Amino acid sequence: GAVVSQHPSWVICKSGTSVKIECRSLDFQATTMFWYRQFPKQSLMLMATSNEGSKATYEQGVEKDKFLINHASLTLSTLTVTSAHPEDSSFYICSASGNYGYTFGSGTRLTVV
Amino acid sequence: GNSVTQMEGPVTLSEEAFLTINCTYTATGYPSLFWYVQYPGEGLQLLLKATKADDKGSNKGFEATYRKETTSFHLEKGSVQVSDSAVYFCALSDAGGTSYGKLTFGQGTILTVHP
C-alpha cells in the first residue's frame, strides 16, 4: 500500500532557530501534499496545500513566511518552521494525495524551548 | 463552508460493548466521507470511507453508512476491543468520487475500552 515517510518524528529546538520537516511518498507519486497542525486533544487544522512544482496555498491565518512549504518533486515535500517560538510547539502531520487517496505521515512532534 | 461535527467525547466502554460515534456534516455538492483513526503519537490511518449516498464503508468490524437525507455518517462497531482505544476522526472531502480535495475534520472522539 501507499506509504508516506515523515521525519523527524520528534524534534526539540531553541527559540529563534528553524526546523525542517520532510515528507516522502515512498511508493507513489504525491501530486498534492497537505500540511496539518494538531494541538493536544484537538482536531487537525489544515495549514496549506501544495502541488508539485507550484507555490503552496495557505489557509487563512497561517503565516506563509513563517511556515515555508516546498514541494519540489512528486515524492518530497518539506515544511520549514522559521524562527520558531514556543507557541509553534505542536504536532505537524503531512498527507499526500495520489492514486491511493489520502496517505498520512506519522507526524512530527515539535517542541520549541 | 464545509463542516463536520462529531459527538463529544471521551467515550469509555467495556470490552465487547456496542460502539456508536455520531458524525454529521455540512457541505455543498457531493462530498466523500471518511473515518480516520489515530493511535497515540501517530499519524492518521484510514478506517473506512464512502463516496456516495447510501454507500456503506466497512473495515475491521467498523461500519458507517453515508446518509444524505440526514447528512450523517455515524460510526458503529458491534463489539469493541481494548485495541480499539484511539481517537476517531470523521472527515469529508470537498471533491467527490475519485478526486481528492481538501479534507475537513471533525473535532475527534477519544475512545477508551476497558477489559
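In order, the protein sequence lines correspond to chains C and V.
This note's numbering puts the last residue of the first sequence at 107; the count rises by one with no breaks.
This note's numbering puts the last residue of the second sequence at 123; the count rises by one with no breaks.
Think of the CB as a built atom: it goes at the ideal place given N, C-alpha and C, for glycine as much as any other residue.
Computed from a prediction, not measured in an experiment: that's the story for all the values here.
| Query | Result |
| --- | --- |
| Proximal chain C residues relative to L54/V, where beta-carbon distance stays under 9 Å | G95, Y96, T97, F98 |
| Chain-ordered chain C contacts of E16/V [CB-CB under 9 Å] | Within 9 Å Cβ-Cβ: nothing; E16/V doesn't reach chain C, min ~12 Å. |
| Cβ-Cβ distance between P80/C and V56/C below 8 Å | no |
| Helix, strand or coil at V5/C [DSSP, three-state] | strand |
| Chain-ordered chain C contacts of K110/V [CB-CB under 8 Å] | F28, L40, T43 |
| Residues that E50/V contacts on chain C, provided the C-beta gap is smaller than 7 Å | S100, G101 |
| Cα-Cα separation, A78/C to K60/V | 42 Å |
| Nearest-angstrom Cα separation, counted from L83/V out to S22/V | 17 Å |
| Contact set for G17/V: own chain, Cβ-Cβ below 6 Å, skip 5 residues either direction | T117, I118 |
| Cβ-Cβ distance between V(-2)/C and F98/C below 8 Å | yes |
| DSSP state of V107/C mapped onto helix, strand, coil | coil |
| Within chain C, the residues that G114/V reaches when beta carbons sit closer than 7 Å | S37 |
| Short CB-CB distance (under 8 Å) between I87/C and chain V | yes |
| Cβ-based burial, T11/C [other Cβ within 10 Å; buried from 16] | exposed |
| CB of G51/V within 8 Å of CB of G101/C, strictly | yes |
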